[in-house]
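S.K.: Its first residue numbered 792, the sequence shown is counted upward by one per residue in my numbering.
We treat Cβ as the ideally placed atom computed from N, Cα and C, and that holds for glycine.
All of these numbers come straight from a predicted model, not from anything done at the bench.
Would you mind keeping the following structure in view while I ask a few things?
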Amino acid sequence: WEPPDDNSSSLQQVQSTRDYLFLSVLEHVRTRLLLWQRTATDGWVRLGDNSGSCAPVGETVHILNENNFDDQNSNAVFVIREGYLTPETLTYLPDAAELALLRATASSLPPLYSQPHTFDSTNLVCEQHFCTSRDGTRVPYTLLRPTSNHTHTSIQHGQSHPPTLIQFYGGFGTSLLPAYSTSLGRCWLSDGHIYIIGHIRGGGEYPHWHTAALHNRTVSLEDAEAIARDIVARNVTCVTRLACTGKSHGGYTVGNLLGRSLNEGSASQLFGAMVIQDGVLDMEKYHRYLAGSSWMGEYGNPDDPEEWQDIRRTSPYHVLGDVDQTTPTPTRTDWSPKVLVTAVTRDDRVHPLHSRKFVARLNDRLAVAKDVYYWEDVNGSGHRTSSDTEALKYAFLKRMLNVTCEK
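Printed below as a string of structure tokens:
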């Protein structure tokens, strides 16, 4: 297998059994399973059709051999399926030959075990869309919404556009793949709101996606802005009811989006609210705290004067420092971004000082400081998000996006 000339596919997983080899390929952010069989006469022979079969939008498929660490004694496999609207299911196939027609992507396979459904997804659908970034690159995003025959809660209350939340990451070659989330389902989707996953450059959704942004972080931000503009242009929602969120490096992305908006004024307003969770925000000192030094391959070395000039352009803390502090114009005060920044006191990866410093500077630079909120989980530990913080995020967004759209 080789990546196609158009770089539309990236290799995600390789798995083998005694006589079979499986490749899990991500093609336009959809899982495609490919299968080869080892024969005595012809060596490795491709099974199934030439293209394989893609999993449905919003679902992902993984293959494990029966023993996982010993692939020479059996052809049995486990098929693991999971999606935004489908909890994880485990299916057992005694003989991997059953995957010859690549039926493992079909929901009709009887599961050996399935995680329980924690929210009703009957009236929800998952779609894939593409937009065009500033440099002409096509950027995919996944959209979760109510079906057309299911009225949004917000519309029932007389509002023409539903609250919409976009998740961004765009770093470390990490792909945002489908995963079932109880908090997302119960706190957001079940109310008829829309959720979007932005597959921006810097991630691993395509072979060149990571390297494209490694030394040019601006393209990731332009991808994110292109998705936001496309959503509004398609009348999915309006700017005042559109929010974005990101955690860790995703917080870095959202922090930069906020800084760019503040520097460019209300003409560049794309979001009514932003949530920055455990973000990497001070790029001048990130490598001096906790696990930060291990990220220098991703962000660069700020102690090198030449590299620092590049790094500073997309250091959220320093971008905020460039915001004009002169008397706010009427245009600037008309836009009061609603911002929630969260951190964990005993985070073992991203030090909370990033968030503390960022909020302090944000309050100095923002015309209406009452719209900036900070939450630090003093009881939490590790680089994880507690259920309390997740609940707070959704409560914040629902309150801040509960406004009437202007024409």
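#1: DSSP on Asn1154, reduced to helix/strand/coil?
#2: Decide yes or no for the touch test of the stretch 1010–1020 against the stretch 985–995: beta carbon pairs closer than 8 angstroms, at least 3 of them.
#3: Cβ of His1142 within 9 angstroms of Cβ of Tyr1080?
#4: How would you call Ser1039, buried or exposed, if buried means at least 16 neighbouring beta carbons within 10 angstroms?
#5: Span of the alpha helix (DSSP H) holding Met1087?
#6: How do the stretch 952–969 and the stretch 1000–1008 stand: do at least 3 beta-carbon pairs fall below 8 angstroms, yes or no?
#7: When DSSP builds the beta bridges, which residues end up paired with Leu1131?
#8: In whole angstroms, what is the alpha-carbon distance linking Pro931 and Gly849?
#9: Measuring CB to CB, does Pro953 end up less than 9 angstroms from Thr1028?
#10: In chain order, which beta strand (DSSP E) runs of at least 3 residues are fully inside the stretch 930–1001?
#11: Counting only the same chain and skipping the five closest in sequence on each side, list residues whose C-beta sits under 7 angstroms from that of Ser1177.
#12: Relative to the C-alpha of Gly834, which residue among Phe1187, Leu812, Pro847 is closest?
#13: Whole angstroms is fine: what's the gap from Gln947's alpha carbon to Phe910's?
#14: Beta-carbon within less than 7 angstroms of Leu814's beta-carbon, same chain only, minus the 5 sequence neighbours each way: which residues are those?
#15: Val1071 and Leu1131 - do their beta-carbons sit closer together than 9 angstroms?
#16: Name, in chain order, the residues that DSSP records as bridge partners for Gln828.
#17: Figure out for me which residue from Arg1140, Asp1094, Leu1048, Asp1101 has the closest Cα to the Cα of Leu1111.
#18: Between the beta-carbon of Tyr1090 and the beta-carbon of Tyr1077, is there less than 9 angstroms?
#19: Can you grab the Cα-Cα spacing for the pair Arg809 / Ala1082, in whole Å?
#20: Identify every residue that forms a DSSP beta bridge with Gly1037.
#21: By a C-beta neighbour count over all protein chains shown, 10 Å radius and 16 as the cutoff for buried, is Arg823 buried or exposed?
#22: So Tyr904 and Leu881 are in contact, right, with Cβ under 8 angstroms, and what is the actual spacing, rounded?
#23: So is Pro901 buried or exposed if we call it buried at 16+ other beta carbons inside 10 Å?
#24: For Thr933, count the other beta carbons within 10 Å of its own beta carbon; 16 or more makes it buried, fewer makes it exposed. Which is it?
M.R.: Based on what the coordinates show:
#1: helix
#2: Counting Cβ pairs under 8 angstroms, three or more are found: they touch.
#3: Result yes, Cβ atoms of His1142 and Tyr1080 sit closer than 9 angstroms.
#4: Counting Cβ neighbours within 10 Å, Ser1039 comes out buried, since at least 16 surround it.
#5: 1087–1090
#6: Contact check between the stretch 952–969 and the stretch 1000–1008: three or more CB pairs, one atom from each, fall below 8 angstroms, which counts as touching.
#7: Val1066, Tyr1164
#8: 12 angstroms
#9: yes
#10: 955–958, 985–989
#11: Asp1168, Gly1171
#12: Leu812
#13: The predicted position of Gln947 is uncertain, since its pLDDT is 44 and thus under 50; no value can be drawn from it.
#14: Trp792, Leu802, Val805, Leu825
#15: no
#16: Tyr811, Val836
#17: Leu1048
#18: yes
#19: 40 angstroms
#20: Assignment of beta-bridge partners to Gly1037 by DSSP yields Ile1067.
#21: buried
#22: 5 angstroms
#23: exposed
#24: buried
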